[in-house]
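Here the structure is laid out as structure tokens; the discussion comes afterwards.
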Amino acid sequence: MEESKLCQWNVIRSVLAILQWWGFNVTVIIMNKWIFQKLDFKYPLSVSCVHFISSSIGAYVVIKVLKLKPLIQVDPEDRWRRIFPMSFIFCINIVLGNVSLRYIPVSFMQTIKSFTPATTVILQWLIWKKYFDLRIWASLIPIVGGILLTSVTELSFNMLGFCAALFGCIATSTKTILAESLLHGYKFDSINTVYYMAPFATMILAVPATLLEGPGVVEWIYTCPSLFSSLVIIFGSGVLAFCLNFSIFYVIHSTTAVTFNVAGNLKVAVAVTCSWLIFRNPISMMNAVGCSITLLGCTFYGYVRHMLSNQAPGTPRTPRTPRGKSELIPLVNEKLDDKI
């Protein structure tokens, strides 16, 4: 009886964790798009900077003040030698995501972002000469095909937004790959990751944001008809961006890898639907089909990865001898790619 109640509670906890993760993620995406489109605040570097500052403060409060998470100690030398390069890629990743939102609809941006598994595999194959099972390569076919179909049929296509989203995928993959070597020995969770990387990212972004967007932001402040409410939305998006990090930490510890993968792809579908209901960006039938194929491909890719990772030692795989030790390096965890 007690085991049955415990099982029911675990299911309820997992559902609640997924729902709050969906809520924060979709809200942050919609708010960012609202800032760029409805508030006419066309400054993605400044928005990213607000997010980094909010996340830096939030992580400090959670770890140092409220002590809800223990601080993972990092040597001062490692902060510059290992954390700083990761922060630089982390910063580029977030900025490119906001730039893409500035120019293309949420539906298109989220679909392109689903290309990340493919870019991760391709980069590891090209740079590390890592071997992947043929089933991994096969699982990427619907992802690539779906994105090609979505791009060709996108009614609101913008080359700058498309390139920003695509290079954002590459930045995410690079961050994932670098984390395997640079952060080796440190088992960071999402909160500690933000605690160390967000201040560096703020420092990196503050100068270019001030030089490139400072005059435009000042002009916007003087001409904005409802300044107070607009600033509440902008800074509120930063607060929710940090809450998203906390929700990721919670959902990872409340769900299995398979559940996380499926929930992540359903989250994209929820974000696309909510975006369409709010902004009414035109979506053709073939565009919707392409998006659906991409999400199904991502789900299939996650299933294949999970199946191969749980394969018993000695189970026959595609016959081939690895060319070197680098091919034995595992594909790093992609659970924390949603941060900020």
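Residue numbers (full-length UniProt numbering): 1 to 340.
All residues carry an ideal CB built from backbone N, CA and C; glycine is no exception.
Between residue i and residue j, what straight-line distance do the alpha-carbon atoms span, to the nearest angstrom?
i           : j           : result
residue 82  : residue 72  : 14 Å
residue 233 : residue 31  : 7 Å
residue 182 : residue 204 : 19 Å
residue 45  : residue 228 : 20 Å
residue 217 : residue 37  : 15 Å
residue 341 : residue 8   : Examination of residue 341 is not possible in this model, given that the chain is present from 1 through 340 alone.
residue 43  : residue 104 : 14 Å
residue 279 : residue 273 : 10 Å
residue 189 : residue 91  : 18 Å
residue 342 : residue 175 : With the chain covering only 1 through 340, there is no way to say anything about residue 342.
residue 178 : residue 121 : 13 Å
residue 309 : residue 222 : 56 Å
residue 125 : residue 215 : 44 Å
residue 209 : residue 135 : 43 Å
residue 211 : residue 281 : 32 Å
Within 10 angstroms of the Cβ of residue i, are there 16 or more other Cβ atoms? Answer buried if so, exposed if not.
i           : result
residue 51  : buried
residue 118 : buried
residue 77  : exposed
residue 286 : exposed
residue 110 : buried
residue 297 : buried
residue 219 : exposed
Quick one: residues in its chain with C-beta nearer than 6 Å to the C-beta of residue i, no 5 flanking neighbours on either side, listed in chain order?
i           : result
residue 200 : 84 and 87
residue 68  : 62
residue 301 : 117 and 139
When the Cα of residue i is compared with those of the options, which residue comes out closest?
i           : options             : result
residue 159 : 131, 99 and 115     : 99
residue 192 : 177, 58, 12 and 302 : 58
residue 152 : 305, 11, 10 and 290 : 290
residue 230 : 132, 26, 311 and 40 : 40
residue 27  : 238, 96, 154 and 80 : 238
residue 271 : 11, 23 and 64       : 23
Looking at residue j and residue i, is the spacing between their C-beta atoms short of 8 Å?
i           : j           : result
residue 355 : residue 55  : Because the chain spans 1 through 340 in this model, residue 355 falls outside it and cannot be assessed.
residue 240 : residue 268 : no
residue 34  : residue 247 : no
residue 359 : residue 164 : In the structure as shown, the chain starts at 1 and stops at 340, and residue 359 therefore has no counterpart that could be examined.
Counting only the same chain and skipping the five closest in sequence on each side, list residues whose C-beta sits under 8 Å from that of residue i.
i           : result
residue 60  : 195
residue 255 : 14, 17, 18 and 263
residue 166 : 112 and 115
residue 202 : 49, 52, 53 and 56
Here's a check: name, in chain order, each residue in its chain whose Cβ is nearer than 7 Å to the Cβ of residue i, leaving out the five neighbours to either side.
i           : result
residue 395 : Here the chain covers residues 1 to 340 and nothing more, so residue 395 does not appear.
residue 169 : 112, 113, 115, 116 and 119
residue 145 : 293
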